[in-house]
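Chains D, G, R, F, H and L supply the protein sequences, listed in that same order. In this text, residue positions in the first sequence follow this note's numbering: the first is 1, and each later residue adds one. In this text, residue positions in the second sequence follow this note's numbering: the first is 1001, and each later residue adds one. In this text, residue positions in the third sequence follow this note's numbering: the first is 2001, and each later residue adds one. In this text, residue positions in the fourth sequence follow this note's numbering: the first is 3001, and each later residue adds one. In this text, residue positions in the fifth sequence follow this note's numbering: the first is 4001, and each later residue adds one. In this text, residue positions in the sixth sequence follow this note's numbering: the first is 5001, and each later residue adds one. Virtual Cβ for every residue (Gly too), placed ideally from N, Cα, C.
There are 6 protein chains.
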Amino acid sequence: MKKIKNLEIQGAESVAIHSAKALSYVVRHQKQGLSKKEFWHNVKNAERQLFNARPTEPATYNVLKFMLAGLSRKSPEHVLEKVLEREKIVLEHFDKAMSKIAEFGARKISNGMVVYTHCHSSSVMAVLKRAKSLNKNFRVNVTETRPHLQGRLSARELNRNKIPVKYFIDSAGRQALKEADLMLIGADAVTSTGQVINKIGTEMFAEIAHIYDIPVYVCTDSWKYDPESIFGYELNVEKGKSTIFWKGKPKDVAINRHLFEKVDPDLISGIISELGIYPPSMFAEEMKRSYDWLFKRRKP
Amino acid sequence: MKKIKNLEIQGAESVAIHSAKALSYVVRHQKQGLSKKEFWHNVKNAERQLFNARPTEPATYNVLKFMLAGLSRKSPEHVLEKVLEREKIVLEHFDKAMSKIAEFGARKISNGMVVYTHCHSSSVMAVLKRAKSLNKNFRVNVTETRPHLQGRLSARELNRNKIPVKYFIDSAGRQALKEADLMLIGADAVTSTGQVINKIGTEMFAEIAHIYDIPVYVCTDSWKYDPESIFGYELNVEKGKSTIFWKGKPKDVAINRHLFEKVDPDLISGIISELGIYPPSMFAEEMKRSYDWLFKRRKP
Amino acid sequence: MKKIKNLEIQGAESVAIHSAKALSYVVRHQKQGLSKKEFWHNVKNAERQLFNARPTEPATYNVLKFMLAGLSRKSPEHVLEKVLEREKIVLEHFDKAMSKIAEFGARKISNGMVVYTHCHSSSVMAVLKRAKSLNKNFRVNVTETRPHLQGRLSARELNRNKIPVKYFIDSAGRQALKEADLMLIGADAVTSTGQVINKIGTEMFAEIAHIYDIPVYVCTDSWKYDPESIFGYELNVEKGKSTIFWKGKPKDVAINRHLFEKVDPDLISGIISELGIYPPSMFAEEMKRSYDWLFKRRKP
Amino acid sequence: MKKIKNLEIQGAESVAIHSAKALSYVVRHQKQGLSKKEFWHNVKNAERQLFNARPTEPATYNVLKFMLAGLSRKSPEHVLEKVLEREKIVLEHFDKAMSKIAEFGARKISNGMVVYTHCHSSSVMAVLKRAKSLNKNFRVNVTETRPHLQGRLSARELNRNKIPVKYFIDSAGRQALKEADLMLIGADAVTSTGQVINKIGTEMFAEIAHIYDIPVYVCTDSWKYDPESIFGYELNVEKGKSTIFWKGKPKDVAINRHLFEKVDPDLISGIISELGIYPPSMFAEEMKRSYDWLFKRRKP
Amino acid sequence: MKKIKNLEIQGAESVAIHSAKALSYVVRHQKQGLSKKEFWHNVKNAERQLFNARPTEPATYNVLKFMLAGLSRKSPEHVLEKVLEREKIVLEHFDKAMSKIAEFGARKISNGMVVYTHCHSSSVMAVLKRAKSLNKNFRVNVTETRPHLQGRLSARELNRNKIPVKYFIDSAGRQALKEADLMLIGADAVTSTGQVINKIGTEMFAEIAHIYDIPVYVCTDSWKYDPESIFGYELNVEKGKSTIFWKGKPKDVAINRHLFEKVDPDLISGIISELGIYPPSMFAEEMKRSYDWLFKRRKP
Amino acid sequence: MKKIKNLEIQGAESVAIHSAKALSYVVRHQKQGLSKKEFWHNVKNAERQLFNARPTEPATYNVLKFMLAGLSRKSPEHVLEKVLEREKIVLEHFDKAMSKIAEFGARKISNGMVVYTHCHSSSVMAVLKRAKSLNKNFRVNVTETRPHLQGRLSARELNRNKIPVKYFIDSAGRQALKEADLMLIGADAVTSTGQVINKIGTEMFAEIAHIYDIPVYVCTDSWKYDPESIFGYELNVEKGKSTIFWKGKPKDVAINRHLFEKVDPDLISGIISELGIYPPSMFAEEMKRSYDWLFKRRKP
């Protein structure tokens, strides 16, 4: 739990998986002989702590909700059995989802293309590596993504995989896009109206892609869907410390500390998830069809 | 001359002024008793060297052209007299021009405004400081301007002058603009069709300003006008070394090395120069009216 | 019924509720001893009259449809029982829906915001008052909405509720929006393709909001959805008398008498109804999921 | 089958119907006494051949899928019975669908309108003729649609039906649209993200319609939906031979041979199919609701 | 002078003409025997008063500047002679200019056109009446122009001149434009960058005209050019009293009191003045060519 | 003269040159001994006939104006002398102008570029061939330009000159542009507000180029400037016969017969003429500076 909070574990999928494991661990290690109520109290307590470690990640929220859904009045034994079963489902889900996203996304890449990406998304990396393994020839343009320079992570990972890559500073994003045929990005969250939350700069670059008629696909596990957004809840989008942006800045200079921004659904051609490729405005509908337990409202 | 070449002297105006001084120095220190032809040969030689030290700066080109215009067949004495006279004119020109730009530009700033700027332009700084000295209250949003981080120069200079400033990473440029009422930028060159050459990112931000209906003014000495652009010559726009963008990048990763880009004249409300405020498309016309010697074509 | 026709009852929800009550009244006051057929004939007759009193309001149409759905061959006693039951459901529906809309919508308002609205919508008022009751500080910009000046109704209502408000003439709508962070409007109807029918001027202002990147939310009871729009039926949108626009106009001057216009779904970020917040293009799908009886086609 | 391959049968609906008939013919004419496995082998073989005759048409693919869905392990007798039953359903489907499309679409046409269309679509023709039969007065602007000049087919057919028509060369498409109130087009395929595949030029004209605020409706049988698009498969869009574009072109001149292009769903107001009128982004959802057998994945 | 200040004299041309007459009157009625200095002092005093009566109108400013240009050290007799001479020139100027504008503008109107105008401009009226006198058939769409309803003045004047006219409320401006082929507006001032100051709503409508590809011409006497705008001076644009907008408004409701707004030069196809038809960005250049005395800077 | 009228002579420059020759021929072959008045009458007569042979071409109009400017009261001998002198100037003008345009324009083309052009312009061809002769490697995309298929002329001419070329039907113009870095077109006329008249389709393609941020340059002899456009005169733009568009069309089908259209100056980056490269809005100003005789108004 600490690792999650201290950001030692990175990537929304990773955090979600660890939360499932941690919750399962807690359930498994409860003392023997607790009453139903005491047992449930402890479990819920753990869930709350895990949730609060990363309160802005729908994937974690959804995993925790899934792990305990409908178990509130069950016996400790039943809860244990179900939680172990569901932990396995969660692990399998993320595993299979990633390979499906890679498969579906790779079909959008053809020979000779230039693909643009911003930041570093494991789903986008999976798509690009899958396309490479299918012997497709393409180049990737990547923007550096200040302040954390995740663009370098992407560039290194692609380079290790023998995928040609060209590196641009963020202010040259328009030039990076002008050469591109396709824009692929990850997502931190998806809302009921199809808005995608992603690293700052994404909407500006998506808008330019839209003007230049370059399709924009979001590659993401569908569990990043935020079911609370239906009811108007806004995600608490994380901000960074000022030193991340400017170490040693003069005291009186203010800093814009946003690290994420929303991307308008009109700028997105489709969301590539393990469910297939759907327009962002239809995503909530598709989620309801596939995971109805998600839409039974309850805040941990 | 060396200092100019080695970039020890920075800022287009500074380079132009030093070129005038250097040329005057050369003329003053020619050996006695040279023939008209020998004398002129040496002077032209110096001019060429000075020009080649910074071949992409119209201000330097224009200053050199002005210094020697119409003197090719004159006696060494006449040339000396004229060059000294013109050196003085050049120094006065840049001095007066800056204060006029500051005066005209400051009139565009009113109380309560948020002004956006990218990079660090001495003309823009002069405008903002002049507005401050007129007791206007306003805030400045500035983007950091990777790779050289000139946004920090701007932020520090404004902060020292008690002007409130807010600092944004380049990818947050849209957020910086959304809060702004006015965008002010400098220029490295202006062409016959009203295109402005400025630091990379400027066109992307100017386009966003245009969408949001925020006026964009370019603050610049008019001598940055490139008279050769009438004849289709394209400025050799400087690129940076890859290490400036990513020190220690993997060998096979390519780098986009552009440091400057053109800004479409449609995105610019007006150019604020010592001549007054004119639309970019009319700038060449106004230059012809004011400095006709500039339009007698000749490449040093 | 007369009151409805003579516009003594205003507001789509109000009319719908009164139609339910009136129909229930008619059912309750049928003579004893009528045959099934006679009884049904009378009831249908009343329904038709109520429908025709306001033929352009989907809410009324939907309420009437709901009240009698599946009862055509039932005994008078059964019909009476069901109609009373459904009347109650209708009243509860509109009551609960309004408070849900207020709740969901208020979550979109945060401190320091400027909210823009056009015309006077009871749902928008409910949202704004709810946000105020949550101690949020915000200002409302409102356009006057010629010819009926409903903007003044909005301004007065907000003012009575201590919400700061600024009043703009319609031609200054762009200025009203330029200061705004959020646009909230009501709806007279919503179609299968997500078009929203609202007071004239709404689309022009929504377009400006779209350009300025200001989210536009439509606050409306979902029963304003027009289920006939699936089959291509166009709503008969009401026009006003010329004297409303210009009393004493010269005889030969023509008058544009439109009072309503359609708003393109691309300009709308989401529809806030009692069902939650969904994109307009998904609204029909969500309606089907929630109220399937609505989609059994039948024109009263 | 040969006729289908040799393009003797034209129009997606026509090809789909003939494929159903051909498959049924094959089933009916199998030798007596085949084993279940042999029988099924032969039937599948026929299906594959039919599919390959026109691999880019979803309507054919969907019809073939429907004809054999769930029959793989059934007895020859059962297969025969089902195939005959389904053949009838297919024929009825296309017949009824066309008249529903005509009905729904005609409601969008009102007196005095100018309707724009590109190419020649049987669904669009059906809509226009239905509107005419309802005594609506309107004019049609049609672009010629190089290289096959199907605009002339449309012009002739409308002219025969006494509908006034004006003919434009493709480069005058903007002028054709500037006079128009409504744009109607057919479709060759519809994808999971709401993209519509249609004759080249359609997206350019739809974009102009969008700028001029002219609604664009796509008239199409819903079976042109491509269920494989959910998984990222791209339709193999047909190209033409160079001689179609320029007979006798110089050897070294390259030719752009695209005959079709994708239309962005943002440019489309609605898809008019036998299911009703829905936005393109919701089309996949509506298909799932209506034809769930289509979404059981299997490539023939 | 009083009449001017009290707005008894309306219309920028009218005010300018009366200022010329008033100044001439003052010069003519100076006491005999004044010293050169006393005489000039009185005259300058009068000029200042006239200027201050309407400080926001460039036409008045320019007329006053023209009347006294170069006369500061001349004898009273000489001044008298020149002022009388120039008064005549001014009167002739405005008279001839109006008929030239009418002539040039009328050439832009052809049979069958719909012309859109906002507010009431004497130059636009002159153009429309001239076109009518040339037997051109066209209709005018006019928006009412709250708060002063000058659209009704336009409608009445056109109606008296047998020109068909259709009246729209301001919020229906988009509908007024959608039917139009040409937009004609007047101007209160024109700046060095080609911005046009006109009645509120003009920029919003000009933007819509631009989107719909409808040419926008500004009809104005060139003396409305503001020569001070070159130096960054902003016109003090007049605001109205709140009671003009809402008589009896609740005390705490704020009012947006702008009556004028700037129109971006990019939205204007040309300025029709007595000098001919030029793009707004070239207007300052054309003024310099025609009236160089205007550009000798001096504030009265 | 006949040849000109019968379109045997093609291309605006060609027609203008032949008009100069024809007028000179007429002057040279006047009978001896004519009175000044008779002589002038005959010459003016010839001028009028030549003008009327192609009333829509400014180049011809300008040449004829130039040939006789200021000669109305001169002796036959003087007129003869001047006309011969000016004939020579005209011939030289067009010759030199073309090579300057080629030179200036070629500087805009760099290695690796794709240049797009529509129709067939001798100036554009000259630019492309000059660039080729400078050993630049580039490809040209050309649209076919129905109904006269001048795109094929361009394709053949480029192909003969070993310049790689790709041919697109007009409806694929967007695809042709999406691959392009530069758009070059010719002009039939240029107006005082910078509008360019060119072959139909040009504005639609220029608009797409603008969206995609591709610079558009117009290559044209400056004598195609129409000096009458200052006064509001509209060029009589030529239409084609319907058979050109559709041979054998059904009698009742109407045909849009436009062959030319105006291109908005906002869509044009610059006009490349023998005067240099200027923005369209400044073109009239530059013409006045260079050819003041053109602006003395007189209609032949």
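Checklist entry - Quick one: is residue 4212(H) near chain F, going by C-beta distance under 8 angstroms? => result yes
Checklist entry - Using a Cβ-Cβ distance under 8 angstroms, would residue 5215(L) count as near chain H? => result no
Item to check | Residue of 87(D), 156(D), 82(D) and 123(D) minimising C-alpha distance to residue 12(D) | outcome: 123(D)
Checklist entry - Where does residue 2156(R) fall in DSSP's three states? => result helix
Next on the checklist: Going by the DSSP bridge assignment, what does residue 2208(R) pair with across the sheet?
Outcome noted: Residue 2208(R) is not bridged to any residue.
Checklist entry - Which residues does DSSP pair with residue 59(D) in a beta bridge? => result Bridge partners of residue 59(D): none, in fact.
Item to check | Any 3 or more C-beta pairs closer than 8 angstroms across the segment 4184 to 4203 of chain H and the segment 4060 to 4067 of chain H | outcome: no
Checklist entry - If we ignore side chains and look at the alpha-carbon of each, how far apart do residue 2212(R) and residue 2105(R) end up? => result 21 angstroms
Next on the checklist: By the 9 angstroms beta-carbon criterion, what residues does the segment 2103 to 2120 of chain R contribute toward chain D?
Outcome noted: 2103, 2104, 2105, 2106, 2107, 2108 and 2110
Next on the checklist: Here's the rule: buried if 16 or more other CB atoms are within 10 angstroms of the residue's CB, otherwise exposed. What is residue 2295(R)?
Outcome noted: exposed
Next on the checklist: Rounding to the nearest angstrom, what Cα-Cα distance links residue 1132(G) and residue 1163(G) in this structure?
Outcome noted: 7 angstroms
Item to check | Cβ shell of residue 1026(G) (< 6 angstroms), same chain only, five flanking positions each side left out | outcome: 1046
Checklist entry - What residues from the segment 1124 to 1147 of chain G come within 9 angstroms of chain L, judged by C-beta to C-beta, listed N to C? => result none
Checklist entry - Does the separation of the CB atoms of residue 1204(G) and residue 1116(G) fall below 8 angstroms? => result no
Checklist entry - With respect to the alpha helix (DSSP H) encompassing residue 4249(H), which residues constitute its N-terminal and C-terminal limits? => result Note, residue 4249(H): premise wrong, no alpha helix (DSSP H); not H, not E.
Next on the checklist: Ignoring anything shorter than 3 residues, give me the beta strand (DSSP E) runs that lie fully in the segment 119 to 151 of chain D, in order along the chain.
Outcome noted: 138 to 143
Item to check | Coil, strand or helix - residue 3220(F) by DSSP | outcome: coil
Item to check | 7 angstroms Cβ cut-off: residues of chain H touching residue 5234(L) | outcome: 4107
Checklist entry - So, are the CB atoms of residue 1161(G) and residue 252(D) less than 8 angstroms apart? => result no
Checklist entry - With distances taken between CB atoms, is the gap from residue 4243(H) to residue 4201(H) smaller than 8 angstroms? => result no
Next on the checklist: For residue 2039(R), which residues in the same chain have their Cβ closer than 8 angstroms to its Cβ, ignoring the five residues on either side in sequence?
Outcome noted: 2030, 2076 and 2079
Checklist entry - For residue 5263(L), which of 5138(L), 5186(L), 5060(L) and 5250(L) has the nearest alpha-carbon? => result 5186(L)
Item to check | Cβ pair residue 1279(G), residue 4265(H) closer than 8 angstroms | outcome: yes
Checklist entry - From what residue to what residue does the alpha helix (DSSP H) around residue 2037(R) run? => result 2036 to 2053
Checklist entry - Hey, quick one: how far does the beta strand (DSSP E) through residue 1231(G) stretch, first residue to last? => result No beta strand (DSSP E) contains residue 1231(G), which DSSP labels as neither H nor E.
Checklist entry - Do you know how far the Cα of residue 2083(R) is from the Cα of residue 2017(R)? => result 13 angstroms
Item to check | Within-8 angstroms CB hit, residue 3220(F) to chain D | outcome: no
Checklist entry - Taking 8 angstroms as the CB-CB cut-off, is residue 308(D) touching chain F? => result No information on residue 308(D) is available, as it lies outside the stretch 1 to 300 that chain D covers here.
Checklist entry - Residues of chain D with a CB under 9 angstroms from the CB of residue 3231(F): which are they? => result 100, 103, 104, 107, 276 and 277
Checklist entry - residue 4149(H): which of 4135(H), 4121(H), 4130(H) and 4136(H) sits nearest, CA to CA? => result 4121(H)
Checklist entry - Taking 7 angstroms as the cut-off, is the CB of residue 5101(L) close to at least one heavy atom of the ligand GTP? => result For the ligand GTP, the structure offers nothing, since it holds no ligand at all.
Checklist entry - When DSSP labels each residue in this structure, what does residue 1069(G) get in the three-state scheme? => result coil
Item to check | Cβ distance (whole Å) where residue 1285(G) is taken to contact residue 4285(H) below 8 angstroms | outcome: 5 angstroms
Item to check | residue 1192(G) at chain L interface by Cβ criterion, 8 angstroms | outcome: yes
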